[in-house]
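First up is the structure itself, then whatever we jot down about it.
2 protein chains.
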Amino acid sequence: MSASASEKKDSTTEEKIKTAAKTVFYKKGFAATRTRDIAEEAGLNLALLNYYFRSKAKLFEIIMAETFSGFIGSMKVILDDEKTSLEQKVITIAKRYIDFISVEPEIPTFILTEIRNNPEELLKKLPIKEIVNDSVFIKQFQEAIQNKEITEPNPLHFLMNLLGLVVFPFIVKPIIMGSRNLETEQFDALMQERKKKIPIWINMMFKA
Amino acid sequence: MSASASEKKDSTTEEKIKTAAKTVFYKKGFAATRTRDIAEEAGLNLALLNYYFRSKAKLFEIIMAETFSGFIGSMKVILDDEKTSLEQKVITIAKRYIDFISVEPEIPTFILTEIRNNPEELLKKLPIKEIVNDSVFIKQFQEAIQNKEITEPNPLHFLMNLLGLVVFPFIVKPIIMGSRNLETEQFDALMQERKKKIPIWINMMFKA
DNA sequence: AAAATTTTTAATCAAATGATTAAAAATTTT
DNA sequence: AAAATTTTTAATCATTTGATTAAAAATTTT
Chain G
784 MSASASEKKD STTEEKIKTA AKTVFYKKGF AATRTRDIAE EAGLNLALLN
834 YYFRSKAKLF EIIMAETFSG FIGSMKVILD DEKTSLEQKV ITIAKRYIDF
884 ISVEPEIPTF ILTEIRNNPE ELLKKLPIKE IVNDSVFIKQ FQEAIQNKEI
934 TEPNPLHFLM NLLGLVVFPF IVKPIIMGSR NLETEQFDAL MQERKKKIPI
984 WINMMFKA
Chain Y
784 MSASASEKKD STTEEKIKTA AKTVFYKKGF AATRTRDIAE EAGLNLALLN
834 YYFRSKAKLF EIIMAETFSG FIGSMKVILD DEKTSLEQKV ITIAKRYIDF
884 ISVEPEIPTF ILTEIRNNPE ELLKKLPIKE IVNDSVFIKQ FQEAIQNKEI
934 TEPNPLHFLM NLLGLVVFPF IVKPIIMGSR NLETEQFDAL MQERKKKIPI
984 WINMMFKA
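Protein sequence lines correspond, in order, to chains G and Y.
Residues in the first sequence are numbered consecutively from 784, following our numbering.
Residues in the second sequence are numbered consecutively from 784, following our numbering.
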């Protein structure tokens with residue numbers, strides 16, 4: 784019945800709760816999920832949620848933190864790699880993120896809606912400013928501009944376009960699938976295509 | 784105190800409620816808004832919501848329907864214009880949607896999260912399939928491919944990229960602003976830039 | 001202006017929901 | 001295996017929240 788994404792170390796009930804919480808929170812968001820939904824998804828007694836995690840809010844915070852660090856952390860690693868060129872970074876981001884999101888397609892919308900609901904609180908926990916501004920990526924971007932390899936001077940446009948091309952289709956997945964009667968496999972195939980195409984598109988957009 | 788986007792025909796209490804409902808629903812989504820929030824935002828007695836709209840769900844349905852038809856309807860008009868070329872359509876979409884969303888920046892995330900929460904129900908009301916497949920745009924796109932003016936054969940990639948470039952920045956607006964300490968005006972300026980740049984980028988990506 | 005109708009209000013209800021508690025069951029320690 | 005500890009359960013509580021009601025106030029009709 785239940786079944787969700789990660790079914791590995793669900794040995795302990797604590798893990799069972801976290802896995803179930805992830806599934807339900809991802810799908811419905813904080814406000815719309817009932818603690819009873821989580822308990823049912825986990826096949827456990829409702830009181831166990833409070834026994835192990837004190838409150839719905841605390842449980843949510845934990846899921847949120849893990850989700851964020853998984854999502855943003857890998858971005859930081861890629862952007863900060865001294866060994867890869869700008870072009871290689873684009874290839875890596877497209878590939879890794881499409882693979883990553885394909886496994887948990889609900890994550891982007893989840894993150895976006897929860898940031899909307901609580902921007903100050905959530906953003907203060909994320910060192911986005913540092914990740915972007917102090918990154919090897921930014922250095923390489925500025926060099927590329929000086930060397931006239933790139934015309935667009937604003938790295939924000941570059942990043943927004945890249946991430947938009949990667950993430951946006953997942954966010955509008957229900958619309959896409961509805962617009963052409965696609966099955967999940969066909970949608971996934973579309974995203975696989977995009978792993979190759981996005982770096983090419985980015986090059987076409989920005990290469991001088 | 785309250786204050787929101789549209790403050791025109793707020794004469795009747797029915798209109799006051801709808802305006803307040805829009806404001807709150809857009810910002811918090813269906814599940815997280817309390818009918819009391821709406822009443823307070825409108826400066827009205829709580830019972831009036833039920834007097835005029837029967838229930839929270841009915842009120843939401845009305846707001847949703849108006850929001851959708853505003854958003855999708857203008858898309859249909861643009862895509863179906865026999866008089867404009869493919870290139871002109873891209874220019875129009877970038878311009879009109881960036882202007883439109885700039886006035887009500889919460890709309891994209893609102894639509895996306897509510898579609899997530901209720902895909903079947905909401906999508907069945909929207910003739911997306913027809914709008915996309917029977918449009919002048921699709922005809923023109925296929926012609927452009929036959930004439931080898933465009934290399935990408937799949938119109939979904941074209942539309943996803945175009946809409947992603949337009950809409951995605953608004954969805955991640957809090958992150959963008961946080962990442963560089965931008966003020967709202969600076970973010971808006973970025974979006975104004977994109978009105979010009981997006982058509983150019985689309986050309987670079989797809990023009991043979 | 002009296003009567004009828006519509007709109008607004010304060011009070012209240014009932015269901016949903018996050019959380020607690022005390023006892024039972026299972027597990028670990030001695 | 002007895003005692004102590006940890007985990008699980010069923011029952012219940014308290015608050016929140018969507019909705020209703022009956023009376024008051026305002027407006028319209030006669």
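Using N, Cα and C, we set each Cβ at its ideal position, and we do this for glycine too.
**OP:** Spatial neighbours of Y:A803 within its chain, please: CB distance less than 6 Å, with the 5 preceding and 5 following residues excluded, ordered by chain position.
**Re:** So the qualifying residues of the chain are I821, E824 and A825.
Original post:
Any residues in the segment 817-842 of chain G with a beta carbon nearer than 9 Å to a beta carbon of chain Y? Which ones, in chain order?
Top reply: Flagged: no residues at all.
Original post:
Distance, Cα to Cα, G:S829 vs G:M847?
Top reply: The displayed chain sequence assigns Leu, not Ser, to residue 829 of chain G. Cα-Cα distance, rounded: 21 Å.
Subject >> Within-9 Å CB hit, G:G856 to chain Y >> reply: It does not; no Cβ of chain Y falls within 9 Å.
Original post:
Within this structure, are the beta carbons of G:L862 and G:A927 separated by less than 9 Å?
Top reply: Note that the C-beta distance between G:L862 and G:A927 is not below 9 Å.
**OP:** Output the boundary residues of the alpha helix (DSSP H) element that contains G:G812.
**Re:** T796 to A815 is the span of the alpha helix (DSSP H), which, as asked, contains G:G812.
Subject >> Any C-beta of chain G under 9 Å from that of Y:G812 >> reply: Answer yes: the Cβ-Cβ gap between Y:G812 and chain G drops below 9 Å somewhere.
Original post:
Looking only at C-alpha atoms, which of Y:D917, Y:K811 and Y:M943 sits nearest to G:K956?
Top reply: Minimum Cα distance to G:K956 is reached at Y:M943.
**OP:** Measuring only between beta-carbons, confirm whether G:F808 sits less than 9 Å from chain Y.
**Re:** Closer than 9 Å to the CB of G:F808 there is not a single CB belonging to chain Y.
Original post:
Taking only beta-carbon atoms, is G:G853 less than 9 Å away from chain Y?
Top reply: For G:G853, the answer is no, since every Cβ of chain Y falls outside 9 Å of its Cβ.
Original post:
Can you tell which of Y:S885, Y:P936, Y:L965 and Y:P902 has the C-alpha that lies nearest to the C-alpha of Y:V949?
Top reply: Ranked by Cα distance from Y:V949, the options Y:S885, Y:P936, Y:L965 and Y:P902 are led by Y:S885.
**OP:** Write down every uninterrupted run of the alpha helix (DSSP H) in the segment 899-973 of chain G whose length is 4 residues or greater and which is fully enclosed by it, in chain order.
**Re:** With a minimum length of 4 residues, the continuous alpha helix (DSSP H) runs that stay inside the segment 899-973 of chain G are 902-907, 911-916, 919-929, 938-954 and 956-963.
Subject >> Nonlocal neighbours in the same chain, by C-beta distance under 8 Å from G:V807, ignoring five residues either side >> reply: Only T816, D820, I821 and E824 meet the Cβ criterion.
**OP:** Can you give me the Cβ contacts of G:Q871 inside the same chain, cut-off strictly under 7 Å, excluding the 5 residues immediately before and after it?
**Re:** Cβ within range, chain order: n/a, list empty.
Original post:
Checking contacts by CB at 9 Å: is G:T867 closer than that to chain Y?
Top reply: Answer no: the Cβ-Cβ gap between G:T867 and chain Y never drops below 9 Å.
**OP:** Can you give me the start and stop residues for the alpha helix (DSSP H) that G:D882 sits inside?
**Re:** Counting along the chain, G:D882 sits inside the alpha helix (DSSP H) bounded by residues L869 to V886.
Subject >> Residues near Y:K859 by beta carbon distance below 8 Å, same chain, minus five either side >> reply: Hits under 8 Å: I914 and S918.
**OP:** Rounded to whole angstroms, what's the CA-CA distance from Y:T875 to G:T795? Just pull it up for me.
**Re:** Cα to Cα, Y:T875 sits roughly 56 Å from G:T795.
Original post:
For G:K990, which residues does DSSP report across the bridge?
Top reply: DSSP links G:K990 through a beta bridge to G:I933.
Subject >> Beta-carbon proximity list for G:I855, same chain, < 8 Å, skipping 5 on both sides >> reply: Excluding five sequence positions before and after G:I855, the CB atoms of its chain that fall closer than 8 Å to its own CB belong to L909, I911 and I914, given in chain order.
Original post:
With a cut-off of 9 Å, does the C-beta of Y:P902 fall near any C-beta of chain G?
Top reply: The beta carbon of Y:P902 falls within 9 Å of a beta carbon belonging to chain G, placing the residue at that interface.
Original post:
Helix, strand or coil for Y:D820 per DSSP?
Top reply: DSSP places Y:D820 within a helical segment (H, G or I) once states are collapsed to three.
Original post:
Along chain Y, in chain order, which residues have C-beta atoms closer than 8 Å to that of G:V860?
Top reply: Those do not exist, as G:V860 stays about 17 Å from chain Y at its closest Cβ, beyond 8 Å.
**OP:** Tell whether a beta-carbon distance below 9 Å holds between Y:L831 and Y:K839.
**Re:** Cβ distance not < 9 Å, so Y:L831 and Y:K839 don't count as in contact.
**OP:** State buried or exposed for G:A991, treating a residue as buried only when at least 16 other CB atoms are found within 10 Å of its CB.
**Re:** By the 16-neighbour rule on beta-carbons within 10 angstroms, G:A991 is exposed.
Original post:
List, in order along the chain, the chain Y residues whose C-beta lies closer than 9 Å to that of G:A972?
Top reply: Listed along chain Y, no residue sits closer than 9 Å to G:A972 by beta-carbon distance, the nearest being about 11 Å off.
Original post:
Using the beta-carbon count (16 or more within 10 Å), is Y:G812 buried or exposed?
Top reply: Buried, because 16 or more other Cβ atoms sit within 10 Å of the Cβ of Y:G812.
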